[in-house]
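Enquirer:
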Amino acid sequence: MDHARSFLVVVGVDGSPESIAALRWAVDEARLRHGRVLLVTSWSYPPRTADVDGEYIDDRSERGAERIQAIALDAVPSEGVDVTGHVLQGPSASVLLDAASGADLLIVGSRGLGGFSGLLLGSVSSQLVHHAPCPVLIVRS
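Numbering-wise (our numbering), the sequence shown opens with residue 24 and increments by one.
So this is what it looks like as structure tokens:
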């Protein structure tokens, strides 16, 4: 770690209980290390699914990701910690791996909103463990 800069914790949040627990852990870790948090939520272009009014809907849209971040920030007290939110387009694992470049720690929940309930570890967290450029902490709710 470069001591000339503050400790950087990158945390992935998708609105799942596990990701909210990961954000809580990230804020606590940054507070202990006098660091900062980069909160990352990814989104993808929605499939062409329309509601009855003809408007396209998808919770994975950019607006949906922005709402997820706002809800997460409201749920986790972060006084005294610099928390910056970034909403980025792309697959979750790729977005988080890019964001973790230069980070001291990457934190994610053990399972996100997608996926199969029988998995021990979500596919995104599994990819991060194998490819992240920094230590990875996986949080269970």
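We put the CB at the ideal spot given by N, CA and C, even for glycine. What you are looking at is a predicted structure, and each value in this text was computed from that prediction instead of being measured.
Buried or exposed for G103, going by 16 or more other Cβ atoms inside 10 Å?
Expert: Classification for G103: exposed.
Enquirer: Can you tell me whether DSSP reads V60 as helix, strand or coil?
Expert: Reduced to three states, the DSSP call for V60 is strand.
Enquirer: Output the distance between the C-alpha atoms of L2 and R163, rounded to the nearest integer angstrom.
Expert: Because the chain here runs from 24 to 164, residue 2 falls outside it and cannot be looked at.
Enquirer: Please return the same chain residues whose Cβ sits closer than 7 Å to the Cβ of S140, not counting the five positions on each side in sequence.
Expert: The predicted position of S140 is uncertain, since its pLDDT is 44 and thus under 50; a value taken from the coordinates is nonetheless stated next. None.
Enquirer: Do you know whose CA, among W48, D37, L31, lies nearest R90's CA?
Expert: Measuring from the Cα of R90, the nearest candidate turns out to be D37.
Enquirer: Find the nearest neighbour of R56 within the set L31, S65, Y68, judged by alpha-carbon distance.
Expert: Here the closest residue by C-alpha is L31.
Enquirer: Quick check on the DSSP output: what are the complete alpha helix (DSSP H) runs of length 4 or more inside the stretch 86-143, in order along the chain?
Expert: As far as the stretch 86-143 is concerned, its whole alpha helix (DSSP H) runs of at least 4 residues are 115-122.
Enquirer: Do you know whose CA, among S133, S42, S84, lies nearest G98's CA?
Expert: A small fix is needed here, since residue 98 is Ala in this sequence, not Gly. Among S133, S42, S84, the Cα nearest to that of A98 is on S42.
Enquirer: Between A116 and the rest of its own chain, which residues show a CB-CB distance below 7 Å, the 5 nearest in sequence each way excluded?
Expert: If we look at A116 and ignore the five residues flanking it on each side, its Cβ neighbours are V147, Q150, L151.
Enquirer: Any idea if A126 is buried or exposed, counting beta-carbon neighbours within 10 angstroms, 16 or more meaning buried?
Expert: It is buried - the Cβ of A126 has at least 16 other Cβ atoms within 10 Å.
Enquirer: Between V159 and L120, which are expected to be in contact by the criterion C-beta below 8 Å, what is the C-beta distance as a whole number of angstroms?
Expert: Not a contact, Cβ separation roughly 10 Å.
Enquirer: Could you spell out the range, first to last residue, of the beta strand (DSSP E) harbouring V36?
Expert: From DSSP, V36 is part of no beta strand (DSSP E); its letter is neither H nor E.
Enquirer: Taking DSSP's pairing of strands, which residues face V162 in a bridge?
Expert: DSSP, once it has assigned bridges, lists G132 as partnering V162.
Enquirer: If you run the structure through DSSP and keep just helix, strand and coil, what is S65?
Expert: Residue state, collapsed to three classes: strand.
Enquirer: How far does the alpha helix (DSSP H) with R47 in it reach, from first residue to last?
Expert: Looking at the DSSP string, the run of the alpha helix (DSSP H) that includes R47 is 40-55.
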